[in-house]
Structures are given as structure tokens and as C-alpha cells.
Amino acid sequence: GIAIKLDIAMPIIEAARSAGKIQDYEFALNIRLKNRFYPTLEVGYALADWGADGGQHLGQGGFGRIGMDLAVIKKGLSESNLLAGLRFGGAYQKYQLTDVRIYENHWQTGPLNFYNQDRFDCWGEFVVGCQVHLWEGLHMGWYGRIKLLITRTAKEGAVMPYYIPGLGFRNDFNWGFNYYIGYRF
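Counting along the sequence shown from 1, when you hit position 163 you're at 208 in the numbering used here, and nothing is skipped either side.
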């Protein structure tokens, strides 16, 4: 069957962590094949208005991930299971960085402003999680994610964003957590 899932954790986590300055919304669609394989598509949208040492990031954009989960425990037709999988993610965003200060060898440059920036980033993920059948087609579960950023350089004349939709803060390695509720048709 086909399942639609809505992530209810990320909006709460980001609201608590950033006082509402970062908003992240996503849903997923997966298909159960041979009671063991789950091809998955996840899509979402994020907004970020985040200040840090050396500047202010204001951006928004969409993201998507595609991948496959494998049911770790072979249990026949049960929808409750442990899952492990891989994802490839990509995000496009428009952003601006303002009041950027660059420190180099005791000298400070700035403030600099970079308006009308746009960027596509991609990353890979390893996910583990579980899903629990609640009632008829209703189920819930969680995913823990380890994310590895693939795009690490800026194109000529551009600067790297501070936040990447779907990935999080721009680090080579990130982690994530999703808690979802879904319905399988």
C-alpha cells in the first residue's frame, strides 16, 4: 500500500530551538513492496531568519529527499517494524546575508551585504527508525538521521548560506529527527 506521513516533530523542535525564527515543514510518501522495501519520497519547505556572529541570514526554499527503507525484521504483513535506509536530498533556496563581518589576521572587513542569492545544495543521509501500527491504516513512528553535505563550495561571486532547507545549519555533518503520523491506503 501507499502511505502518506506528516512530520510533527520538526516544527516543534525548530520553534523551541530558534523561537520561531526557523520554520520547517515536511511530509513523506512511501510504498510498501513485498512487505520489506519502502521506496520513499519526502518533500518540504523551510524559512530561516537567523542571526549569528558575523551576519544575518534570511532565506526560504523547498527541499526533497528520495531513497529506500528496508524493514529490518521480516514479520509478514505487520506494519510495525524497525527500518533502516538511505536518502539523497536536494534543496533550492533564495537567501540574503547582511551585516557580514570577515575577520582575518587581526583585521575586520565589513559589514558586507549579499542580496538576491540563490543556491542548490545536495546531501546524503543514513536513516534508522521505527513505525508502529495504531489502528486500521493509521500508524506513527520516528526517524533518526545522519546527514552528509555534498555541496561544500559557493559558485563564483556568491556566499554560502548559513541554513539549508531540509539539511539544517551548514555543516559537513548534521543530524536530524522526525516524528510522524501517517495513514496507509
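All C-beta atoms, glycine included, are put in the ideal place defined by N, C-alpha and C.
By Cβ distance below 6 Å, which residues in the same chain neighbour Arg229 in space, the five residues on each side in sequence not counted? Gly46, Ala48, Gly182
Where Glu124 sits in the DSSP three-state scheme: Per DSSP, reduced to three states, the secondary structure at Glu124 is coil, with no helix or strand assignment.
Element boundaries [alpha helix (DSSP H), containing Met55]: 54 to 63
Are Gly112 and Arg81 touching if we call contact CB-CB under 7 Å? no
On the premise that Gly130 lies in contact with Thr85, defined as a C-beta separation below 8 Å, what is that separation, rounded to the nearest angstrom? Between the beta-carbon of Thr85 and that of Gly130 there is about 7 Å, and that keeps the pair under the 8 Å contact cut.
For Gly100, I'd like the list of residues in its chain whose CB is within less than 6 Å of its CB, leaving aside the five on either flank, ordered along the chain. Leu142, Asp144, Val145
Can you give the Cα-Cα distance for Gly106 and Tyr137, rounded to whole angstroms? 6 Å
Considering Cα atoms alone, identify which of Thr154, Phe108, Val172, Asp94 is closest to Val88. Phe108
Grab the span of the beta strand (DSSP E) containing Thr85 for me, first residue to last. 82 to 97
First through last residue of the beta strand (DSSP E) which encompasses Asp217: Neither: Asp217 is in no beta strand (DSSP E) and is coded neither H nor E.
Between Gly213 and Asn219, what straight-line distance do the alpha-carbon atoms span, to the nearest angstrom? 7 Å
Short Cβ contact (7 Å threshold) for Tyr148 with Val172: Result no, Cβ atoms of Tyr148 and Val172 do not sit closer than 7 Å.
Cβ of Gly211 within 7 Å of Cβ of Arg190? no
Enclosing beta strand (DSSP E) for Ala73 [first to last residue]: 67 to 76
Thinking C-alpha only, which one of Leu194, His178, His151 is nearest Cys167? Leu194
Residues bridged to Phe133 by DSSP? Ile111, Gly169
Assuming Met185 contacts Ile226 (C-beta within less than 8 Å), just tell me the rounded distance between them. 5 Å
Exposed or buried, His151, counting other C-beta atoms within 10 Å across all chains shown (16 or more means buried)? exposed
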